[in-house]
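Protein chains in written order, with this note's numbering: chain A, 14 to 417; chain B, 381 to 668.
Glycine is no exception: its CB is placed at the ideal position from the N, C-alpha and C atoms.
Please read all numbers here as calculations on a predicted model, not as lab measurements.
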Amino acid sequence: MSHHGRRLSRRALLRAAGSTLALAALPRLAAAQGGPIKLGTLTPLTGAGGSYGPSMRKAMEFVAQEVNAAGGVLGRPIQLVSEDDQTNPEAAVRAARKLTDVDKVAAIMGTWASAVTTAVAPLCWESKTFLTTVSGSDTITQLPHQGYLIRTQPNTNLQIGKLAEFLLSIKSRRVFVLAAQTPFALPSQKRLQELLPKGGSELVGAVIYDKDKTTFRSEIDQALRTKPDMIYLNGYTPDCTILMKELFKAGYTGAKVAQGYAVNQKLLDSMPAEVSDGTYTATPSPAVDSAGYKRLAAFLGSGDLDPYSCQCHDQISLVALAIAKAKGEATGTAIRDHVRRIAQGAGVKVDNAVEGLKLLAQGKEINFEGASGPCDFTDIGDILDCKIRFDQAQGAKFKFVKMI
Amino acid sequence: MWGEVPQLLVNGLVAGTVLAVPAIGFTAIYAVLRFPNFTVASHATIGAFAGYVVNVALGWPAWAAVAVAFLVAGAAGVVNDHLILRPLRPAGALTTAIGAVALTIVLENVVRFVFGNELRGYDLPLRRDWRWGDVRIGPQQVENLVIAVVAMAAVFLFLAFTRTGKAMRAVADDPTLASLKGIDADRVARLTNFGGMGLAGIGGMLLGLDTSIDPLTGFRVILSVFAAAVVGGLGSIPGAVVGALTIGIAEELSLLSLAPAYRTAVGFVAILLVLTLRPRGLLGERAY
Numbered sequence: 014m015s016h017h018g019r020r021l022s023r024r025a026l027l028r029a030a031g032s033t034l035a036l037a038a039l040p041r042l043a044a045a046q047g048g049p050i051k052l053g054t055l056t057p058l059t060g061a062g063g064s065y066g067p068s069m070r071k072a073m074e075f076v077a078q079e080v081n082a083a084g085g086v087l088g089r090p091i092q093l094v095s096e097d098d099q100t101n102p103e104a105a106v107r108a109a110r111k112l113t114d115v116d117k118v119a120a121i122m123g124t125w126a127s128a129v130t131t132a133v134a135p136l137c138w139e140s141k142t143f144l145t146t147v148s149g150s151d152t153i154t155q156l157p158h159q160g161y162l163i164r165t166q167p168n169t170n171l172q173i174g175k176l177a178e179f180l181l182s183i184k185s186r187r188v189f190v191l192a193a194q195t196p197f198a199l200p201s202q203k204r205l206q207e208l209l210p211k212g213g214s215e216l217v218g219a220v221i222y223d224k225d226k227t228t229f230r231s232e233i234d235q236a237l238r239t240k241p242d243m244i245y246l247n248g249y250t251p252d253c254t255i256l257m258k259e260l261f262k263a264g265y266t267g268a269k270v271a272q273g274y275a276v277n278q279k280l281l282d283s284m285p286a287e288v289s290d291g292t293y294t295a296t297p298s299p300a301v302d303s304a305g306y307k308r309l310a311a312f313l314g315s316g317d318l319d320p321y322s323c324q325c326h327d328q329i330s331l332v333a334l335a336i337a338k339a340k341g342e343a344t345g346t347a348i349r350d351h352v353r354r355i356a357q358g359a360g361v362k363v364d365n366a367v368e369g370l371k372l373l374a375q376g377k378e379i380n381f382e383g384a385s386g387p388c389d390f391t392d393i394g395d396i397l398d399c400k401i402r403f404d405q406a407q408g409a410k411f412k413f414v415k416m417i
Numbered sequence: 381m382w383g384e385v386p387q388l389l390v391n392g393l394v395a396g397t398v399l400a401v402p403a404i405g406f407t408a409i410y411a412v413l414r415f416p417n418f419t420v421a422s423h424a425t426i427g428a429f430a431g432y433v434v435n436v437a438l439g440w441p442a443w444a445a446v447a448v449a450f451l452v453a454g455a456a457g458v459v460n461d462h463l464i465l466r467p468l469r470p471a472g473a474l475t476t477a478i479g480a481v482a483l484t485i486v487l488e489n490v491v492r493f494v495f496g497n498e499l500r501g502y503d504l505p506l507r508r509d510w511r512w513g514d515v516r517i518g519p520q521q522v523e524n525l526v527i528a529v530v531a532m533a534a535v536f537l538f539l540a541f542t543r544t545g546k547a548m549r550a551v552a553d554d555p556t557l558a559s560l561k562g563i564d565a566d567r568v569a570r571l572t573n574f575g576g577m578g579l580a581g582i583g584g585m586l587l588g589l590d591t592s593i594d595p596l597t598g599f600r601v602i603l604s605v606f607a608a609a610v611v612g613g614l615g616s617i618p619g620a621v622v623g624a625l626t627i628g629i630a631e632e633l634s635l636l637s638l639a640p641a642y643r644t645a646v647g648f649v650a651i652l653l654v655l656t657l658r659p660r661g662l663l664g665e666r667a668y
């Protein structure tokens, strides 16, 4: 029996493969030139950052809705594709892969944990997808990202600088750091080591722990042995909860300080007030007086916004404005090349994407100043400055202490 | 540095005693069924969450919740063995062990599906530690110690003095002779699973009572449990106790030179040393 007619001839196979590849390339070409602009959001809807992810996503949906209602970016509507990074690098990489390979988004916005951003960044710069993040670790902008990464969060260098200033101002003399294993653990420790002696204080010790454990007895013993008067809890909410309870059980009477994303209202509500009382927290302060902040607060229905939602609001605005500045080319490369042209410089100051798009259509230059701050970036993608707000937990509520 | 030793010994004693409970379960199942049943990990988690549910939702005190942990984990152990591991047993110990690893991952994820990933704490008052000089011990740790000792005493008494206990020891010693005597191997296997996994459940809950629980509770401790059983001699119940105390104290003393993050290396090194130098373990392979 002849199988000549049945089998696929090589020529037919090559033809089929070629046209499939061409078809696969079409969506990206279409995305670049016409049809909806696909942007990806990758926020921690679950996991250690789960208190912030949903509201970060809502902030981005808010901007997309406003822009689409006003006619979109040069006539094209923004289409958001949302994924959950679970505050876990492995899950985040799978989600980012899906966003870049399947949805072919021009930008991924909102990654929160430094470990997640560090894992996702190489995927982005290799697929030429623009990444905007709220992660703080210094190591992130030092990656060879070729410009495909910006962050709206102050980096570790800036944050710890302000923390050291605060600790010196409240006369903490013997500081011990209990840090979760993260990209910013070692840089934070080194920066404190460098800055504390300048004010007459001392970093008496530091321990980096694996945050997936349920007990930190030995780490606490190590800390208490050095007789500190201030312990810096440099971790996330779940491990800080355990640490604070164990410090209470161990009878520690000194001061504690932590980052605001870790020791937040949810943590205060989960334990008796006497366990958390007196703990200081440091939080990057959004631009509370700006019109952008006020509009976002009205939409989210809350008077006191977390910095990450404000940053996400700014990130999607910057991406939309950059695409418009690039004459509608919705690719990561175009965003990279145009974002600083609309984020800083001598243009007209705007605080929302709709107005910015209008002015760009009229041929004017703009300078976007967001709800999180002025949004001016260095060459490697860091923001230039940020105010940090210090609060103290009293009776399971936060009281403002000072702004540095 | 040497001033730390008393505290480390105290921590090690508590950790070792709590570790002994699932270790006994693991080694007993090995003695009777002749394969390492790694599902001890997920049954520890199941026990911990069962205790959590009755403690938090129903307000039961800790000791009652521990009893529930024993019963639920034990029942789950019997069901899981009957449905999944028993059909694999004719294929040999290695296949069954691999099946157990797969099963433990599935069970852990079932718990995760129902309860989510976040840490949960039992509804117990936060009490300050008791201090003597440089040494501190928590009231909850002392309670865990007592519960663990009571559980172990119950196991020893059961095996030494009850008919069923003696039947289990007979099957562990020589299954053929035991069946000649009319002892039903299947019934003994079921009881062993119930008891062994029940002990794992108690172990899981004791681990969480002082701190918190999450779906990974059992997985975190399985290496230490296996190490404890191997060090003492797989199949020997007193060996499991000796092994657990050894591993518990060794893990704490390792902090004199290692960072806390490397503690589980002790379990690996212990298994390596024992299997290389004295594969029978410290007390040899012999059920009590």
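Amino acids of chain B, ordered along the chain, whose beta-carbon sits closer than 8 angstroms to that of GLY264 (chain A) | ARG508, ASP509, ARG511 and ARG516
Does at least one heavy atom of the ligand NAP sit under 7 angstroms from the Cβ of GLU178 (chain A)?
-> This structure simply doesn't include the ligand NAP, nor any ligand for that matter.
Kindly indicate if chain A contains any beta-carbon less than 8 angstroms away from that of ASP503 (chain B).
-> no
Going along the chain, which residues of the region 617-641 of chain B sit with their C-beta nearer than 7 angstroms to a C-beta in chain A?
-> LEU635, PRO640 and ALA641
Report buried or exposed for LEU657 (chain B), applying the criterion of at least 16 other Cβ atoms within 10 angstroms of its Cβ.
-> exposed
Is the CB of ILE563 (chain B) under 8 angstroms away from at least one CB in chain A?
-> no
Is GLY248 (chain A) close to chain B, meaning its C-beta is less than 8 angstroms from at least one C-beta of that chain?
-> no
For GLN159 (chain A), count neighbouring C-beta atoms within 10 Å of its own C-beta (all shown protein chains included) and say buried if the count is 16 or more, exposed if not.
-> exposed
Option in A:LYS184, A:ASP242 and A:ALA193 with minimal Cα separation from LYS211 (chain A) = A:LYS184
Could I get the ranges of all uninterrupted beta strand (DSSP E) runs contained in the region 228-312 of chain A, with 3 residues as the minimum, in chain order?
-> 243-247, 268-272 and 293-297
Enclosing beta strand (DSSP E) for THR56 (chain A) [first to last residue] = 50-56
If you follow the alpha helix (DSSP H) that VAL220 (chain A) is part of, which residue opens it and which one closes it?
-> Premise fails: VAL220 (chain A) lies in the beta strand (DSSP E), 215-222, not in any alpha helix (DSSP H).
Find the residues of chain B that neighbour GLY258 (chain A), judging by a C-beta separation of less than 7 angstroms, and give them in chain order.
-> The question names Gly, but residue 258 (chain A) in the sequence shown is Lys. The contacting residues are LEU506.
Can you name, in chain order, every residue of its own chain whose Cβ lies under 8 angstroms from the Cβ of GLU215 (chain A), other than the five neighbours on each side?
-> ARG186, ARG187, VAL188 and LEU209
What does GLU232 (chain A) touch in chain B if you count any residue whose Cβ is under 7 angstroms from its own?
-> PRO640
Grab me the residues of SER15 (chain A)'s own chain with a C-beta within less than 6 angstroms of its C-beta, minus the 5 sequence neighbours each way, in chain order.
-> Unreliable placement is indicated for SER15 (chain A), whose pLDDT of 49 sits below 50; no coordinate value is reported for it.
Can you find a CB in chain A that lies within less than 8 angstroms of the CB of ASP566 (chain B)?
-> no
Straight-line gap, GLN407 (chain A) to ALA444 (chain B) (C-alpha atoms, nearest Å) = 36 angstroms
THR228 (chain A) at chain B interface by Cβ criterion, 8 angstroms | yes
Checking contacts by CB at 8 angstroms: is ALA391 (chain B) closer than that to chain A?
-> This sequence places Asn at residue 391 (chain B); Ala is not what is there. With 8 angstroms as the cut-off, ASN391 (chain B) counts as an interface residue toward chain A.
With DSSP run on the structure shown, which of helix, strand or coil describes LYS546 (chain B)?
-> helix
From the DSSP output, which residues share a beta bridge with MET532 (chain B)?
-> Answer by DSSP bridge pairing: none, since MET532 (chain B) is not bridged.
Please list the partners that TYR222 (chain A) has in chain B, where partner means a Cβ-to-Cβ separation under 8 angstroms.
-> PRO640 and ALA641
Whole-number beta carbon distance between SER330 (chain A) and PHE390 (chain A), since they are thought to touch under 8 angstroms | At roughly 14 angstroms, the Cβ-Cβ gap does not stay under 8 angstroms, so PHE390 (chain A) and SER330 (chain A) are not in contact.
Around the C-beta of GLU139 (chain A), are 16 or more other C-beta atoms found within 10 angstroms, so that it is buried, or is it exposed?
-> exposed
For chain A, find out if any of its Cβ atoms is closer than 8 angstroms to the Cβ of SER592 (chain B); answer yes or no.
-> yes
What does LEU571 (chain B) touch in chain A if you count any residue whose Cβ is under 7 angstroms from its own?
-> None at all; the shortest Cβ gap to chain A is about 31 angstroms.
Going by the beta-carbon positions, is the gap between PHE143 (chain A) and GLY383 (chain A) smaller than 8 angstroms?
-> no
In chain B, which residues lie with their C-beta within 8 angstroms of the C-beta of THR59 (chain A)?
-> GLY496 and ASN497
Use the C-beta contact count for ASN435 (chain B): other C-beta atoms within 10 angstroms, 16 or more gives buried, fewer gives exposed.
-> buried
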